[in-house]
Amino acid sequence: MLISVGCFAGVNLMIKFLTNIPATELVLFRSIITLAISYVLLRRRKINPWGNDKKWLLIRGIAGTTALTIFFYTIQKMPLSAAVTIQYLSPFFTAFIAGFMLGEKTRWAQWGFFVLSFAGIVIVKGSSAQIPTDLLLLGVVSSVFSGLAYNAIRKLKNEAPLVVVMYFPLVATPVMIGFSFFNWITPVGMEWLLLIAVGILTQFAQVYM
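Residues in the sequence shown are numbered consecutively from 34, following this note's numbering.
Listed below in structure tokens is the structure:
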């Protein structure tokens, strides 16, 4: 788990340096790299890469793609600490959505932490004039979709972890190709290395999550 946290932190920092590249293109590069790595590993281990529960695999892919694209956009447009803080709302949305998807009850203590978290977001907004309200709301939307993606993963407990990992870029790649076609910016110099590093670190982060 610590490896995963460290890798995601590294990814977030590199995304902050890649402000010249559109968020959709960042997701595309990340997805191509993780898709290739996941597929090779699955073939080597002789695991069916297409999985069994395709409905929830696709839901996980769609929700994850939406959450990640918005999150990368907020990282680029607001202070990194603020974007990450808002993203930390996702565990509370995960618990809330689990009540509907998994029949789990949300405890009063969880609701209390949820309120405190939103209070923290209000403080973050009030302490920085760099954060427009629309960006703040986008960050919350990203957290909601992250919560949905995490619950979809719990629905997929009988699937091989690498299959679950692969479906994220499997969905994201064709979608982001479509979006990137209209606002493509060719990376230069160190941007190529950072994009490759984002893809590799993401693979490690998801495997060790």
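In this text, a Cβ means the ideal position worked out from N, Cα and C, and glycines have one as well.
*Give a yes or no on contact between the segment 175-182 and the segment 96-106, applying the rule of three or more CB pairs nearer than 8 Å.*
By the Cβ criterion, the segment 175-182 is in contact with the segment 96-106, since at least three pairs of Cβ atoms, one from each stretch, lie closer than 8 Å.
*M209, enclosing alpha helix (DSSP H) - first and last residue*: Here the alpha helix (DSSP H) through M209 covers P194 to S213.
*Could you name each continuous alpha helix (DSSP H) segment of 4 residues or more that falls completely within the segment 74-136, going from the start of the chain to the end?*
List check, alpha helix (DSSP H) in window: 87-110, 113-120 and 123-134.
*Look at the Cβ atom of L195, then the Cβ atom of C40, and state whether they are nearer than 7 Å.*
Cβ distance not < 7 Å, so L195 and C40 don't count as in contact.
*Quick one: is G222 buried, meaning 16 or more other Cβ sit within 10 Å of its Cβ, or exposed?*
Exposed, because fewer than 16 other Cβ atoms sit within 10 Å of the Cβ of G222.
_Cβ neighbours of G84 in the same chain (closer than 6 Å, five flanking residues each side left out)_ = Excluding sequence neighbours, G84 sits near L90, E192 and V196.
*Do you know offhand how far F62's Cα is from M134's?*
F62 and M134 have their alpha carbons spaced roughly 31 Å apart.
_In this structure, how does DSSP classify G39 when only helix, strand and coil are distinguished?_
Note: G39 maps to helix in three-state DSSP.
*For the alpha helix (DSSP H) that contains Y183, what are its first and last residues?*
Y183 -> alpha helix (DSSP H) spans T166 to K188.
*What residue range is occupied by the uninterrupted alpha helix (DSSP H) comprising L227?*
That run of the alpha helix (DSSP H) goes M223 to V240.
*Does the separation of the CB atoms of I65 and T206 fall below 7 Å?*
Using a Cβ distance threshold of 7 Å, I65 and T206 count as a contacting pair.
*Specify the secondary structure class of N45 as computed by DSSP and reduced to three states.*
DSSP, reduced to helix, strand and coil, places N45 within a helical segment of the structure shown.
*Whose C-beta lies closer than 7 Å to the C-beta of S175 among residues of the same chain, with five residues either side of it excluded?*
Answer for S175: A100, I103, F104, T107 and Q120, listed in chain order.
*asked:* Between which residues of its own chain and P202 is the CB-CB distance below 6 Å, once the five residues before and five after are set aside?
replied: The residues are S64, T67 and L68.
*My guess is that Y72 and M199 are in contact by the Cβ rule of under 8 Å, so how many angstroms apart are they, rounded?*
Between Y72 and M199, the beta carbon gap of about 6 Å places them in contact (Cβ cut-off 8 Å).
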